[in-house]
Amino acid sequence: MSQQGYVATPPYSQSQPGIGLSPPHYGHYGDPSHAGSPPGMMKPAGPLGAAAPGGMLPQGHLPPGPHQFGQNGAHAQGPPLQRFPGPPPGNSAAPSYAPYPPSTQSSYPSPVSTSSVAQLGTQLSAMHVNSYGSGMAPPSQGPPGPPAAAAAFQGPPRSSQPSILQPGSQVLPPPPTALNGPGASPLPPSTHRQDGLPGPAPPNAQYQPPPPPGQTLGPGYPLQQANYGPQMAGAQLSYPGGFPGGPAQMAGPPQPQKKLDPDSIPSPIQVIENDRATRGGQVYTTNTRGQIPPLVTTDCTIQDQGNASPRYIRCTTYCFPCTSDMAKQAQIPLAAIIKPFATIPSNETPLYLVNHGETGPVRCNRCKAYMCPFMQFIEGGRRYQCGFCNCVNDVPPFYFQHLDHIGRRLDHYEKPELSLGSYEYVATLDYCRKNKPPNPPAFIFMIDVSYSNIKNGLVKLICEELKTVLEKLPKEGQEETSSLRVGFITYNKVLHFFNVKSTLARPQMMVVTDVSEVFVPLLDGFLVSYQESQSVIHNLLDQIPEMFADSNENETVFAPVIRAGMEALKAADCPGKLFIFHSSLPTAEAPGKLKNRDDKKLINTDKEKILFQPQTNVYDPLAKDCVAHGCCVTLFLFPSQYVDVASLGLVPQLTGGTLYKYNNFQVHLDSQQFLNDLRNDIEKKIGFDAIMRVRTSTGFRATDFFGGIYMNNTTDVEMAAIDCDKAVTVEFKHDDKLSEDSGALIQCAVLYTTVSGQRRLRIHNLGLNCSSQLGDLYKSCETDALINFFAKSAFKAVLHQPLKVIREILVNQTAHMLACYRKNCASPSAASQLILPDSMKVLPVYMNCLLKNCVLLSKPEISTDERAYQRQLVMTMGVADSQLFFYPQLRPIHTLDVKSTTLPAAIRCSETRLSEEGIFLLANGLNMFLWLGVSSPPELIQGIFNVPSFAHVNTDMTLLPELGNPYSQTLRMIMGIIQQKRPYSMKLTIVKQREQPEMVFRQFLVEDKGLYGGSSYVDFLCCVHKEICQLLN
Amino acid sequence: MATYLEFIQQNEERDGVRFSWNVWPSSRLEATRMVVPLACILTPLKERPDLPPVQYEPVLCSRPTCKAILNPLCQVDYRAKLWACNFCFQRNQFPPAYAGISEVNQPAELMPQFSTVEYVIQRGAQSPLIFLYVVDTCLEEDDLQALKESLQMSLSLLPPDAMVGLITFGRMVQVHELSCEGISKSYVFRGTKDLTAKQIQDMLGLTKPAMPVHPAHPAQPQEHPSISSRFLQPIHKIDMNLTDLLGELQRDPWPVPQGKRPLRSTGVALSIAVGLLEGTFPNTGARIMLFVGGPPTQGPGMVVGDELKVPIRSWHDIEKDNARFMKKATKHYEMLANRAAANGHCVDIYACALDQTGLLEMKCCTNLTGGHMVMGDSFNTSLFKQTFQRIFSKDFNGNFRMAFGATLEVKTSRELKVAGAIGPCVSLNVKGPCVSENELGVGGTSQWKICGLDPTSTLGIYFEVVNQHNAPIPQGGRGAIQFVTHYQHSSTQRRIRATTIARNWADAQSQLKHIEAAFDQEAAAVLMARLGVFRAESEEGPDVLRWLDRQLIRLCQKFGQYTKEDPSSFRLSDSFSLYPQFMFHLRRSPFLQVFNNSPDESSYYRHHFARQDLTQSLIMIQPILYSYSFHGPPESKR
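These protein sequence lines are chains A and B, in that order. If you're matching positions, the first sequence starts at 5 in the working numbering and goes up one per residue. If you're matching positions, the second sequence starts at 211 in the working numbering and goes up one per residue.
Structure, rendered in structure tokens:
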């Protein structure tokens, strides 16, 4: 059924030889005996059915305790995981961990062995807990661990696999007793409980389960049953068939989860903290091919020694399988997330600029790859072999240099292109349009001056702000003033261009009413240097709000506005960026006119995808034209109702622009957020009129691209502009076999125009390993990158496929990847154990977050615009942004140490982690919430808000008052740090516990059951486990 | 009675009319045998310092099909207070205001010396003078500067309540809004797109009143004028503003590549000007003043492409049917001219360039609306500057010598019918009993519209004698013609000038001598020349010449005295003696000969010929060579 993949290319859809993948099955994980029945059906699956209140599904009970969720090392060691107040585990763990990456390779020669494994099993013994940890935990810490690990790893991998599989296949028809737990066997739930609860607590650890098992279970159980039934039904059905759970489900807070042991399942926070502990603050040198960089959440210093910094390129895996069969078997996407203009911290070296003068960059004759560290010089330096296509080229005479005793050029360290992973070339005229050096780019500000924008003061706000922000136009290195030129257009249903030539006494306004075929009415004086025309521009900006003060024009146009800007840039023969400030559905008679087509009835049908597609076919060709002329469109939207983001946002998306959306914008509340975004967007690093080419060594190639890009053919990635926050995700496929010796090399070249109008090439090189052992592949994966890829490919698929199918495929692929690992790499264990590769320990929780994202959630409660907006945002996100977006940061504030500058340790996004006495800060890159527990400490409330009590706190505020006390200062500093480096200014919402707005906040507690559907982490994990079991059998 | 010459002169001075024949052949047959048609040249607004207008309205004949104006030729019954119309013989009651009328107390219009009377109409709103400048910006810097100065100067000549508007064009067309403070605002149109009047008005926001009235603000009567006034403002309000605007006017900024002509959107600019006035001041006199420095090179109405290597069409090209854009462009401008004329707006063209500017195609704009056509080499010449200044010259009362939105109506007594008119006018297509079926010039109507005219604007009006040979006119019978000109005076009054003339009928068989003696050869020459030039516009040159020759031969045959086969015996009476000479010069004049003239020049000459008064016309036909000496006044030489 779901055999056709959601991405047109085959690998997703190829059925796996080894593992029969059949989606219906996993819907039934509740009762294996019913495995044959159709998915999504609600029949009682066993005796429990009768017991379940409301006829809800018996399967529902399955998640409970009996699962033995393997913990990571830190957990095994002690209490850290338990609750937020706990000391950051990183501190204690740091010294105890062996240096991670090198040891992995050296200590486990067997390719199959995983450095560390998280195992989840039904069995209660502590052994599992320990066994997973063997790799990570220092031997001294957990005595029971190493033996188990040793046993697992020492066994010949090949032979062990069948042994794992075998029980599985035997077991399937009648689940073995051992399997009871996960399989939701018909045993009485209490049994599970009791079996399960002791489980997670490692016998030898000081770990204290929060609720004493015995006490909670008795009374708790019925309640749990009541809540769980529906919830599970929801979860169960969700992947094959949507979330029928409905509001009833939302009503009940998922209290029962308390009775499970959430601490026993892999914790993203723990993983992040571990990585931070081991690698944070260190220097990471990129001198080795295929090494796995620190997580995006870890701060470290990166030193380019021949491979591009992970700030520029991150991969889903740093070790590619040698053959396409292997790739298909594992189903791990091979992808790179490239952020070519990523911001580099000031303590790292900026890119070197190589200038070969008129000859231009040295390139391979055959594949046109640029000179890079992967080129092998031979014959005494007279020739070189291209690392990508293996072609042997002559070294151009001007470039000749002798080789040293190890065959390296003597100038190896003098030339960035020989020794660095990333560098820039000055491009020659051959790389310019029409072989002419480009003109400096231009920014055009286009302001919607229709009635509502004038009335709510937005126009005034924008005009005031432009006066200051234009002082800070980006400039190239040593330039004194920016070479960027600026232009201004206002519009409602007609367009007003402004002549702000410096010689004019006052600006001139030119009205273009011919919106059906818009054109640029003036040439000279439209795009000017801000410095030269400053007084005229200020005069204009002063006048604009007044000029339209009496206007009662409600209708607006949109496509003609973009076209006008594009035509203006075209006429001036320069690339540029349009800043459009728009607020309504463009209903005026003009091309690109839109009507309100928001139809909730389409949700959960095959036609739902229509809501994500543009309404008319005007916008796509328009975007194409924009890209062709290097016109990037950034859109600031201020909607008060449906404005059809899917249509309006298309051009910004395809032209590498950014879409900002401020719902129900109110000047007095939301100005700051908007102005920060505006400043940020104007000032950020950006390259114009870019074209990107990803070259690979033989054996594989880039097949699919996601991001703010436009593709006219299959290889050239065209971008009207690309800024420091935009990432392009590239998927690779095998052409042929890869060799372990030469590895897999990637060169990403971006040809672009700088803000000063210089044409440049930015080159990023990255070498990856190749292996014929699946274990190596799994060892080198990066879950954050995987999620980035999955999110983008799924969000792209949203345009073409029913959401149901997409969700199914995501779940299936997750299960498949894990099953393949289990089958081929993990040490033999009971089939009922859930074993996760260390690198993918948090894949289920992240995947669940992705599945719960409102884009993939078919719920009429969520506004269509919001879904389209988030879809679009994710498409251009880099790994760090997508990580935060899908798994928000939740930090306790009440435990703040006002003397320390470190951030309070994050905690898991679950309601169980909150406390009435606490104040918590949650951020996901778009929103920030300050959650106040009902019993928040008054001194904190006083300190932060300057009001005497919780009740006095005004939740309307979007900015914290600037107070002199340490609480306020520290909190605002923390918020500043969190905000830093994020492309979007986060809107702060103050949420009080047990007040209505808390519902919004709850949506971000992603480990819990979703408010609008979407299963909890625990449930999803069970679902995946069940699926894996199915696959293994 | 004095000589005919004196009679003619006196008539011309009093009424601004000169007839080819001052005694009329009394039957249709005889009239046609006279070769030169019965016709007159009429200067409707001939300057009459001695004729103060009367401050009341004319008394009209009550017959709906007639409505002739009471005049000295009417029979008046002072006792019964009745008057008989001399055209339809309807007996009419005098209006109450004329109750005191008697033989000794006559109103002016009944006195014989007041064959021409000017009435001032008091009712109706007075409409201001409207001037819409349409300015080409594809000019050389000094040309533009000179033009800007001329325009600024003209502002100072306008009365303070005159409305002005400004449209500039080059590659784009800009309609300047004059009312805004602080920022100069203009509406811009693409120079390549042909827009309908409706579209233009929509785009300029002139069709707003359809907007639902805001409940909070009950109907605002001020609404409408404020809209139109965005683009047309009284000069006293925006004097400074407009002077600055003109001062800041820049050359068209779009780059002109080597070997190309600048892109000039004259067609669209004019179309927008016409559309703007149509939407704001329909049926009100207005003057569109188009200043061009080169040919239209894009959009509707383009005359030549922008490639310099392709020269603008010549007569040669036109003969070879090689003028690609001519027909289309002509059609475009004709359409505009007709629209402007229908609304009473006149169009002036001031074309200053070394090469042709497309006057051939655009001529109808001036010719149909009574606008001026000025052709010069540069705006920076005294020719242009002085000519332009003279447009705003004032008469002895301090009023502009210009009038707007005139209609000329011709009424004839029943033996006569109107065959047509030749001059700066368009037909109003008013059929009536006095309209002839045979057309000479613009015919088929008894009324014409002359959108712009000045005291020298002169029309040729052609008549047909319809009296049948077998229905003789009683001895002493007189034929009468009344010319009624409604117009908007430059003092913004509506006025009517009525001229009634009468001539004796004579039987051509018995009284040919009388008729011959009453021949006005000067008027006849001009009238024939107008016919010839009119024909030349639509016919091949040689055909026209042949036709002229034949007419001359027939005339000589009819009136000459000669012995057959003896050329030396040929004599023409005094009243005909100069006529052949005029024809000779006409044949070789630039009005009929295009050799060595560009199509633009020909159009320019013909334009002027079709509107000048008799003296000017004669000079144009037969240039006078003056010899100057220190010993006396200049003498004219042959």
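All C-beta atoms in this analysis are idealised placements derived from N, C-alpha and C, irrespective of residue type, glycine included. Remember, it's a predicted structure, so these values are computed and weren't measured experimentally.
Item, Value
"Under 8 Å Cβ to Cβ from Q617 of chain A, same chain only, skipping five residues before and after it: list those, please.", "A650 and L803"
"Which residues, taken in chain order from the segment 514-545 of chain A, show a beta carbon closer than 7 Å to some beta carbon of chain B?", "M514, V515, V516, T517, D518, E521, F523, P525, L526, L527 and D528"
"Return yes when the Cβ of L936 of chain A is within less than 9 Å of the Cβ of K996 of chain A, no when it is not.", "yes"
"Verify whether the separation of the beta carbon atoms of P365 of chain A and L765 of chain A is less than 9 Å.", "yes"
"Determine whether the Cβ of M570 of chain A lies closer than 9 Å to any Cβ atom of chain B.", "no"
"Can you tell me which of B:D717, B:T655, B:L669 and B:S656 puts its alpha carbon nearest to the alpha carbon of P855 of chain B?", "Lying outside 211 to 848, the shown extent of chain B, residue 855 of chain B is not represented and no answer is given."
"Any Cβ of chain B within less than 9 Å of the Cβ of F501 of chain A?", "yes"
"Is any beta-carbon of chain A found at less than 9 Å from that of S174 of chain B?", "Chain B is shown only over 211 to 848; residue 174 of chain B falls outside these bounds and no answer can be derived."
"At a cut of 8 Å, does the segment 711-726 of chain A reach the segment 669-683 of chain A through at least three beta carbon pairs?", "no"
"Could you tell me the distance, in whole angstroms, from the CA atom of E735 of chain A to the CA atom of P344 of chain A?", "16 Å"
"Quick check: is the beta carbon of A592 of chain A nearer than 9 Å to any beta carbon in chain B?", "no"
"Taking only the alpha-carbon atoms, compute the straight-line gap between A563 of chain B and M512 of chain B and give it to the nearest angstrom.", "16 Å"
"On the three-state DSSP scale, how would you describe A334 of chain A?", "helix"
"Which residues, in order along the segment 690-703 of chain B, keep a beta-carbon less than 9 Å from a beta-carbon of chain A?", "none"
"By the DSSP assignment, the alpha helix (DSSP H) with S537 of chain A in it spans what residues?", "Y534 to M551"
"For A576 of chain A, decide whether its Cβ has a neighbour in chain B, counting only Cβ atoms nearer than 9 Å.", "no"
"Looking only at its own chain, which residues have a Cβ that is under 8 Å from the Cβ of L518 of chain B, when we skip the five neighbours before and after it?", "G469, K470 and R471"
"So that I know if they touch, is there some Cβ in chain B lying closer than 9 Å to that of P401 of chain A?", "no"
"To which residues of the same chain is T758 of chain A closer than 7 Å at the C-beta, ignoring the five residues directly before and after it?", "E480, G691 and R764"
"Quick one: which chain A residues come within Cβ less than 7 Å of F399 of chain B?", "D518"
"Thinking just about the alpha-carbon of each residue, which of B:E674, B:S637, B:T507 and B:F602 is nearest to the one in V624 of chain B?", "One detail in the question is off: residue 624 of chain B reads as Arg in this sequence, not Val. Measuring from the Cα of R624 of chain B, the nearest candidate turns out to be B:E674."
"What residues in the segment 499-523 of chain B have a beta carbon less than 8 Å from any beta carbon of chain A?", "none"
"Within 10 angstroms of its Cβ, does C395 of chain A collect 16 or more other Cβ (buried), or is it exposed?", "exposed"
"Would you call the segment 892-901 of chain A and the segment 817-833 of chain A in contact, with 3 or more CB pairs under 8 Å?", "no"
"Counting pairs of beta carbons, one from the segment 516-533 of chain B and one from the segment 612-626 of chain B, are three or more of them closer than 8 Å?", "no"
"Going by DSSP, what residue range makes up the beta strand (DSSP E) through N931 of chain A?", "N931 to L936"
"Just checking: is the beta-carbon of I382 of chain B within a distance shorter than 9 Å of some beta-carbon in chain A?", "According to the sequence as given, residue 382 of chain B is Met; it is not Ile. True, the Cβ-Cβ gap to chain A drops below 9 Å."
"Going by other Cβ atoms of all chains shown within 10 Å of its Cβ, with 16 needed for buried, is V640 of chain B buried or exposed?", "exposed"
"Please tell me whether P656 of chain A and P445 of chain A are closer than 9 Å, where the distance is taken between their beta carbons.", "no"
"I'd like to know whether the C-beta atoms of G633 of chain B and D565 of chain B end up nearer to each other than 9 Å.", "no"
"So, is D225 of chain B buried or exposed, given that buried needs 16 or more other C-beta atoms within 10 angstroms?", "buried"
"Among residues of its own chain, excluding the 5 on either side of K256 of chain B, which ones have a beta-carbon nearer than 7 Å to its beta-carbon?", "G226 and P665"
"Quick one: using the 10 Å Cβ neighbour count with 16 as the cut-off for buried, is A290 of chain B buried or exposed?", "exposed"
"Using a Cβ-Cβ cutoff of less than 8 Å, which residues in the same chain neighbour I1032 of chain A once the five nearest sequence positions on both sides are dropped?", "A819, L822, A823, R826 and L838"
"If I measure Cβ to Cβ from P257 of chain A and keep anything under 7 Å in the same chain, skipping five residues before and after, which residues do I get?", "In this prediction, P257 of chain A has a pLDDT of 37, which is less than 50 and means its spatial position is unreliable; nothing more can be read from the coordinates."
"Looking at P510 of chain B and R474 of chain B, is the spacing between their C-beta atoms short of 9 Å?", "no"
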